[in-house]
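S.K.: Residues in the sequence shown are numbered from 2 upward in steps of one, following our numbering. Cβ coordinates follow ideal geometry from the N, Cα and C atoms, glycine included.
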Amino acid sequence: MPLAAVVEEAKDYVNGLDTMWVLLGAMLVFWMQPGFALVEAGLTQSKNAANILMKNFVDFMFGSVLFWIMGFSLMYGAGNDFIGWEGFGFIGSDSNVPAECTFIFQTVFCATAATIVSGAMAERTKFSMYIVFSILISAFVYPIEGHWSWGGGWLSEMGFHDFAGSTVVHLAGGAMALAGAIVLGPRAGKYAKDGTSRAIPGHNLILCALGVFCLWVGWFGFNPCSTVAATGFDNAVSMSHVFVTTNMAAATGGIAAMFYTWLIDGKPSLSMVCNGVLAGLVGITAGCDCVDIWAAALIGVIVSIVMCFAVGFIDKKLHIDDPVGAVSVHGVGGLLGTVLTGIFCNSAIDGSEVSVGVQAIGAISVAAFCFVVAFVLFTVIKKTHGLRCDKIIEEEGLDIYEHGEACYN
């Protein structure tokens, strides 16, 4: 076989491995959808379980279609520093991976951002209006802020580092979740007349714990497969390192939450350990490629402890009802993890030079954009069609009234 033919065959083999690596990542990240569904269903009341599951289906179904029609092009199309504007319906290739492979990998990321919002608005939102906002997230909000960091926009030009989405996915989702929870208001009976917070326990911690394990597995696609290439020694080293740092932050995040609740409340809380694991995963996502293993462990501890504090502060001091802790886990965790990347980044690992100032500017800018846009959209919906379900529906459950069926009979 001529040398030129051997070289071309080798190129096809390399590109094939890269493609399979990214497609594997897409499958793993998709597995996070049932993870989010189980966590949210488990931490809320049984009378709303079918509604919770329906919203998670909506996020991925509508997100897939809308991200294909325009979201992917707004995020990655040629345009300016603030928005892409080319190739609606599809766009060209990226790196060594065919365009369709890149598209499906980014589609599952988009669906993740939309799903985060669902948890903070659980148990009192009109299903029809949730569909409207889910569409707007996938078609406009996520793609525009994503372009700033990952599509060649102004944040990427500043040197902003968000390897797999602490800010682009999680902080963005957390900021929109905060806006939704504020506009929507707390669930009926959540706060007494004197402002005292009343616990509304979730109906099944088994579902919650199983969902966290699903998310933990999914994160091994979320972070390591964001290398978008599997061939070459450098990529092999990077993939392995990201696997280790991702897992380490999750483990120390769970440990920190366990001891925090044990110390503060006298007993280790399973639900808070679940959120501690997720907070560690969210926090390490920005810098999983460029921090040492010990730094990953420390990031998991820091983010988890701050998350535990934020859950109580948001609930008892700010009186913002977030049934699953989405704002604390994804919003606070994403913000803190992004900034900590600037502190702990080791340029010797992958050559990244990360500035704490740039990290803070990027995180705050994305959070502010997503919060303001979401707050305006939710307010418009509230003033026009109505965002919250009727009182009788909230009291008796959304499952029967909104969907005509229940998860438990």
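Assuming residue 158 is part of the alpha helix (DSSP H), what are its boundary residues?
M.R.: Where residue 158 is concerned, the enclosing alpha helix (DSSP H) stretches over 155–159.
S.K.: Nearest CA to the CA of residue 266: which residue from 121, 207, 309 and 324?
M.R.: Among 121, 207, 309 and 324, the Cα nearest to that of residue 266 belongs to 309.
S.K.: Please determine if the stretch 331–342 and the stretch 299–318 are in contact, where contact requires at least 3 C-beta pairs separated by less than 8 Å.
M.R.: Contact holds: three or more Cβ-Cβ distances are below 8 Å.
S.K.: Taking DSSP as the reference, what is the three-state secondary structure of residue 92?
M.R.: A caution first: residue 92 carries a pLDDT of 48, below 50, which makes its placement in the model too unreliable to give a value.
S.K.: Please give the ranges of any alpha helix (DSSP H) in the stretch 272–349, keeping only runs that are unbroken, at least 4 residues long and fully inside the region.
M.R.: Listed in chain order, they are 294–313 and 334–345.
S.K.: Does the stretch 33–47 come into contact with the stretch 198–213, if we say contact requires no fewer than three beta-carbon pairs (one atom in each stretch) closer than 8 Å?
M.R.: Touching, per the Cβ criterion.
S.K.: According to DSSP, is residue 418 part of a helix, a strand, or is it coil?
M.R.: Residue numbering for the chain in the displayed model covers 2 to 410; residue 418 lies beyond these limits and cannot be assessed.
S.K.: Grab me the residues of residue 312's own chain with a C-beta within less than 6 Å of its C-beta, minus the 5 sequence neighbours each way, in chain order.
M.R.: So the list reads 326 and 329, once near-sequence residues are dropped.
S.K.: Could you tell me whether the Cβ atoms of residue 1 and residue 184 are closer together than 8 Å?
M.R.: Residue 1 is absent from the model: the chain starts at 2 and stops at 410.
S.K.: Let me check understanding here. Comparing Cα to Cα, which of 258, 54 and 85 lies closest to residue 153?
M.R.: Of 258, 54 and 85, the residue nearest in Cα terms is 85.
S.K.: Just verifying my parser: in three-state terms, what is the DSSP assignment at residue 97?
M.R.: With a pLDDT of 42 at residue 97, under the threshold of 50, the predicted position of this residue should be treated as unreliable, and no value is reported.
S.K.: Between residue 220 and residue 16, what straight-line distance do the alpha-carbon atoms span, to the nearest angstrom?
M.R.: Roughly 23 Å separates the two Cα atoms.
S.K.: Please list, in chain order, all residues of the same chain as residue 120 whose beta carbon is under 6 Å from its beta carbon, the five residues on each side excluded.
M.R.: Same-chain partners within the cutoff: 41, 325 and 327.
S.K.: Skipping 5 residues on each side, what residues in its chain have a beta carbon closer than 8 Å to that of residue 320?
M.R.: The residues are 187, 192, 196 and 198.
S.K.: Can you give the beta carbon distance from residue 255 to residue 274, rounded, assuming they're within the 8 Å contact cut?
M.R.: About 5 Å; that satisfies the 8 Å criterion.
S.K.: Just mark residue 315 as buried or exposed, buried being the case when its beta carbon has 16 or more other beta carbons within 10 Å.
M.R.: Buried, because 16 or more other Cβ atoms sit within 10 Å of the Cβ of residue 315.
S.K.: According to DSSP, which residues form a beta bridge with residue 192?
M.R.: DSSP lists 198 as partners of residue 192.
S.K.: Can you give the Cα-Cα distance for residue 390 and residue 396, rounded to whole angstroms?
M.R.: Roughly 10 Å between the two C-alpha positions.
S.K.: For residue 19 and residue 182, I'd like the C-alpha separation in whole angstroms.
M.R.: About 41 Å.
S.K.: Given a threshold of 16 other Cβ atoms within 10 Å of its Cβ, counted over all protein chains shown, does residue 102 qualify as buried or as exposed?
M.R.: Buried, because 16 or more other Cβ atoms sit within 10 Å of the Cβ of residue 102.
S.K.: DSSP three-state call for residue 252: helix, strand or coil?
M.R.: The answer is helix: DSSP assigns residue 252 an H, G or I state.
S.K.: For residue 85, name the three-state secondary structure that DSSP assigns.
M.R.: If DSSP states are grouped into helix, strand and coil, residue 85 belongs with the strands.
S.K.: For residue 135, I'd like the list of residues in its chain whose CB is within less than 6 Å of its CB, leaving aside the five on either flank, ordered along the chain.
M.R.: So the qualifying residues of the chain are 59, 60, 63 and 115.
S.K.: Can you find the residues in the same chain that come closer than 7 Å, C-beta to C-beta, to residue 249, ignoring five residues on each side of it along the sequence?
M.R.: Only 294, 297, 298 and 301 meet the Cβ criterion.
S.K.: If residue 336 sits next to residue 369, beta carbons under 8 Å apart, how far is it from one beta carbon to the other, in whole angstroms?
M.R.: Actually they do not touch by this definition, with Cβ atoms about 11 Å apart.
S.K.: For residue 78, which of helix, strand or coil comes out of DSSP?
M.R.: Of the three classes helix, strand and coil, the one that applies to residue 78 here is coil, per DSSP.
S.K.: On the CB-based measure, 16 or more other CB atoms within 10 Å of its CB, does residue 117 come out buried or exposed?
M.R.: Residue 117 should be labelled buried.
S.K.: Verify whether the separation of the beta carbon atoms of residue 23 and residue 110 is less than 8 Å.
M.R.: Not in contact: residue 23 and residue 110 (Cβ atoms no closer than 8 Å).
S.K.: I'd like the span of the alpha helix (DSSP H) that includes residue 376, first residue to last.
M.R.: Here the alpha helix (DSSP H) through residue 376 covers 357–385.
S.K.: Could you check the C-alpha separation between residue 69 and residue 374 for me, to the nearest Å?
M.R.: Roughly 22 Å between the two C-alpha positions.
S.K.: Indicate whether residue 151 and residue 82 have their beta-carbon atoms separated by less than 8 Å.
M.R.: Taking 8 Å as the Cβ cut-off, residue 151 and residue 82 do not qualify as a contacting pair.
S.K.: Are the beta-carbon atoms of residue 128 and residue 403 separated by less than 8 Å?
M.R.: In contact: residue 128 and residue 403 (Cβ atoms closer than 8 Å).
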